[in-house]
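*Asks:* In mature numbering (1 follows the signal peptide of the UniProt record, and there is no 0), the protein residues as written are -19 to -1, 1 to 415.
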Ligand SMILES: *[C@@H]1O[C@H](CO)[C@@H](O)[C@H](O)[C@H]1NC(C)=O
Ligand SMILES: *[C@@H]1O[C@H](CO)[C@@H](O)[C@H](O)[C@H]1NC(C)=O
Ligand SMILES: *[C@@H]1O[C@H](CO)[C@@H](O)[C@H](O)[C@H]1NC(C)=O
Ligand SMILES: *[C@@H]1O[C@H](CO)[C@@H](O)[C@H](O)[C@H]1NC(C)=O
Ligand SMILES: [Zn+2]
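Right, dumping it as structure tokens:
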């Protein structure tokens, strides 16, 4: 009897301990967000990718995800990391521009220009840091800027001319990130790779070199999983692998007549500012009084759709932007918007309508808080943000995503479920002994 009482007390104590809600610090896992730029949703379907295939078994895979309208690197990455539509975060192009001064800054040089990124929408790094977490950005677009004067704790910015496909460096970068987690206790790291975007542009999505880079990415994912094990992070690190947009083959002569916009309107006479010759997405400021003339001329041009900013479909979530010029042009899939002559040597491109299957991209996730063997319905990339906040157990900043869309892929709030299981086991044990 005495022994039974002791056991009873012991079991009761254990139940109380298990039932106690885990303190935030104890229950919080770390998060690694990886982006492979321009990874079209179906790039793994014509290449042998054993490591990506294994991820689908060991974690979550979405059939595909839809980037925001404006399927371009900086705008889309910034939607992922802020959970805000492009019209709200205002990173409306890869190039920083000023329609008044005609200043245009190339993509790589914008990466440390806070005035381009810091428009009131707080990225996840800053929100997490304000709640006591430690965060880092390894080449991730937006990570190199300050937000209301606040920098990301640890930042590496990709330099212009950086070689994007060096597999040895890819592995070193993974090792670096792992040591940030284990030796310096970072909670969130975002890691960016410039491939397969470069190969997709230079060679086109159907070129054998694109398949080769997907195999390289697959080996890198194998290396990542090995590194996670080696650093004993398997039970504490969640990983999301995604991308910013897809890629399509540029349509060329003799298959089609390429678009040359100056054939339809005199750009010098009618426009005071333009960014054309940049894939499928173009912007333009008409000279004063020429708004309708520009719109009508472009409406007559084939293989594109022209929009007045204030009449764009609401589903684009672009219309409220103050930065976008009054005229936005979206080319039909595969047509590039050439201004005066065909300078664009790219064989593949993006920037097209986000409803096009070729613009869809990937989503994979694994780690202690994710279900295994879970195939998710397609969803919009904007919903990744609340998922990341949930994983990090932080209060999200105002955003446009919905956790309901992405929550299904999670095991029910990890820690407390484990606690419930141990309570049940203890009760069983108690009844068996008594
Ligand atoms: C961010 O702010 C720090 C000082 O607070 C400054 O040293 C740094 O240059 C700023 N970085 C950018 C990209 O503006
Ligand atoms: C690739 O990266 C490794 C490690 O950083 C470096 O030693 C090597 O020189 C790089 N190769 C090229 C071709 O740049
Ligand atoms: C491009 O526009 C021309 C002229 O309107 C049309 O005949 C052609 O079918 C279009 N091409 C594609 C691929 O839509
Ligand atoms: C997106 O979220 C912001 C911040 O909560 C809000 O101001 C904006 O109206 C939202 N946009 C849409 C289309 O709901
Ligand atoms: Zn990109």
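Using N, Cα and C, we set each Cβ at its ideal position, and we do this for glycine too. This structure is a prediction, so every number in the text was calculated from the model and none was measured.
Considering Cα atoms alone, identify which of 321, 42, 74 is closest to residue 306.
*Replies:* 74
*Asks:* Whose C-beta lies closer than 8 Å to the C-beta of residue 99 among residues of the same chain, with five residues either side of it excluded?
*Replies:* 126, 127, 128, 129
*Asks:* Using the beta-carbon count (16 or more within 10 Å), is residue 309 buried or exposed?
*Replies:* buried
*Asks:* Is it true that the region 162 to 170 meets the region 96 to 115, where meeting means three or more beta-carbon pairs spaced less than 8 Å apart?
*Replies:* yes
*Asks:* Is residue 381 near ligand 4, in the sense that its beta carbon is under 7 Å from a heavy atom of that ligand?
*Replies:* yes
*Asks:* Where do the N-terminal and C-terminal ends of the beta strand (DSSP E) with residue 344 fall, by residue?
*Replies:* Unbroken beta strand (DSSP E) run through residue 344: 342 to 347.
*Asks:* What are the start and end residues of each continuous alpha helix (DSSP H) run of 4 or more residues lying completely inside the region 96 to 139, in chain order?
*Replies:* 105 to 111
*Asks:* What three-state label does DSSP hand residue 276 in the structure shown?
*Replies:* helix
*Asks:* Here's the rule: buried if 16 or more other CB atoms are within 10 angstroms of the residue's CB, otherwise exposed. What is residue 319?
*Replies:* buried
*Asks:* Report back the beta-carbon spacing between residue 240 and residue 282 to the nearest angstrom; my notes put them in contact at under 8 Å.
*Replies:* 7 Å
*Asks:* Work out the CA separation of residue 42 and residue 361 for me, nearest whole Å.
*Replies:* 14 Å
*Asks:* Return the first residue and the last residue of the alpha helix (DSSP H) that residue 165 is part of.
*Replies:* 148 to 165
*Asks:* Let me have the residue list for ligand 3: C-beta closer than 5 Å to any non-hydrogen atom, ordered along the chain.
*Replies:* 283, 284
*Asks:* If you measure between the beta carbons of residue 363 and residue 335, is that distance less than 8 Å?
*Replies:* no
*Asks:* With three or more C-beta pairs closer than 8 Å as the rule, is the region 46 to 56 touching the region 332 to 346?
*Replies:* yes
*Asks:* Put residue 263 into one of helix, strand or coil per three-state DSSP.
*Replies:* strand
*Asks:* Checking the sheet assignment: what are the DSSP bridge partners for residue 444?
*Replies:* Residue 444 lies beyond the stretch modelled for the chain, which goes from -19 to 415, so this question has no answer here.
*Asks:* One question on the structure: do residue 16 and residue 173 come within less than 8 Å of each other, judged by their Cβ atoms?
*Replies:* yes
*Asks:* Quick one: complete beta strand (DSSP E) runs, 3+ long, within the region 333 to 390?
*Replies:* 342 to 347, 355 to 357
*Asks:* Please state if the CB of residue 346 and the CB of residue 158 are separated by a distance shorter than 8 Å.
*Replies:* no
*Asks:* Is residue 305 a contact residue of ligand 2, with contact defined as CB to any heavy atom under 7 Å?
*Replies:* no
*Asks:* Under 7 Å: does the beta carbon of residue 208 sit that close to some heavy atom of ligand 1?
*Replies:* no
*Asks:* Hey, out of 93, 315, 148, whose CA is closest to residue 121's CA?
*Replies:* Comparing Cα positions, the closest option is 93.
*Asks:* Got a sec: does ligand 4 put a non-hydrogen atom nearer than 7 Å to the Cβ of residue 69?
*Replies:* Indeed, a heavy atom of ligand 4 lies less than 7 Å from the Cβ.
*Asks:* Taking residue 105 and residue 293 to be in contact with their CB atoms under 8 Å, please state how far apart those CB atoms are, rounded to whole angstroms.
*Replies:* Not a contact, Cβ separation roughly 27 Å.
*Asks:* In or out: residue 26 buried (at least 16 other Cβ within 10 Å) or exposed?
*Replies:* exposed
*Asks:* Does the beta-carbon of residue -8 have 16 or more other beta-carbons within 10 angstroms, so that it is buried, or is it exposed?
*Replies:* Note that residue -8 scores 44 on pLDDT, short of 50, meaning its location in the model is unreliable; the coordinates nonetheless yield the value given after this. Exposed, since its Cβ has fewer than 16 Cβ neighbours within 10 Å.
*Asks:* Using C-beta distances below 7 Å, list every residue in its chain close to residue 286, excluding the 5 sequence neighbours before and after it, in chain order.
*Replies:* 311
*Asks:* Given a threshold of 16 other Cβ atoms within 10 Å of its Cβ, counted over all protein chains shown, does residue 278 qualify as buried or as exposed?
*Replies:* buried
*Asks:* Mind checking whether residue 353 and residue 64 have CB atoms under 8 Å apart?
*Replies:* no
*Asks:* Where does the unbroken alpha helix (DSSP H) through residue 79 begin, and where does it stop?
*Replies:* Where residue 79 is concerned, there is no enclosing alpha helix (DSSP H), although the beta strand (DSSP E) it sits in stretches over 77 to 79.
*Asks:* Are the beta-carbon atoms of residue 28 and residue 196 separated by less than 8 Å?
*Replies:* yes
*Asks:* Exposed or buried, which one is residue 102 when buried takes at least 16 other CB atoms within 10 Å?
*Replies:* buried
*Asks:* Report buried or exposed for residue 176, applying the criterion of at least 16 other Cβ atoms within 10 angstroms of its Cβ.
*Replies:* With 16 or more other Cβ atoms from the protein chains shown falling within 10 Å of its own Cβ, residue 176 counts as buried.
*Asks:* If you draw a straight line from the alpha carbon of residue 60 to that of residue 79, how long is it in whole angstroms?
*Replies:* The straight-line gap from Cα to Cα measures roughly 21 Å.
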